[in-house]
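Asker: Handing you this structure, nothing more for now.
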Amino acid sequence: MEEEREILTISQVADYLQISEMTTYKLVQNGKIPGFKIGRHWRVKLVDLREHLSKLEHGDHI
Numbered sequence: 001m002e003e004e005r006e007i008l009t010i011s012q013v014a015d016y017l018q019i020s021e022m023t024t025y026k027l028v029q030n031g032k033i034p035g036f037k038i039g040r041h042w043r044v045k046l047v048d049l050r051e052h053l054s055k056l057e058h059g060d061h062i
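Positions 1 to 62 (our numbering) are the ones given, in order, by the sequence shown.
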């Protein structure tokens with residue numbers, strides 16, 4: 001990512017994880033990636049995403 005942001009869009013999360021935006025949207029919408037809505041738009045806190053990824057590295061599953 002060009003610049004570290006505290007709050008990411010679905011597109012930025014998809015780039016970060018190197019997966020499609022549609023897959024990212026579905027994972028966030030289904031609660032498999034921590035996120036929240038602002039109006040109609042999903043956002044993900046970078047610190048929450050990194051914490052979630054750390055748990056996955058230690059055996060948890062999406």
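Each residue gets a CB set at the ideal place from its N, CA and C atoms; glycine is no exception.
#1: Given that a residue counts as buried once 16 or more other Cβ atoms are within 10 Å of its Cβ, and exposed if not, what is L56?
#2: Grouping DSSP H, G and I as helix and E and B as strand, with all else coil, what is I7?
#3: Return helix, strand or coil for R50, following the three-state DSSP convention.
#4: Secondary structure at K55, three-state DSSP: helix, strand or coil?
#5: Comparing C-alpha positions only, which one of R50, L53 and H41 sits nearest to I119?
Answerer: If we stick to the structure as given:
#1: On the sequence shown, residue 56 is found 56 positions in, with the first residue counted as 1. Taking every protein chain shown into account, the CB of L56 has fewer than 16 other CB atoms within 10 angstroms, so this residue is exposed.
#2: Working through the sequence shown from its first residue, we reach residue 7 at position 7. If DSSP states are grouped into helix, strand and coil, I7 belongs with the strands.
#3: As a position in the sequence shown, residue 50 is number 50, starting the count at 1. Three-state DSSP puts R50 in a helix.
#4: Start at 1 with the first residue of the sequence shown, and residue 55 comes out as number 55. In this structure, K55 counts as helix in the three-state DSSP scheme.
#5: Nothing can be reported for residue 119, as the shown portion of the chain is limited to 1 through 62.
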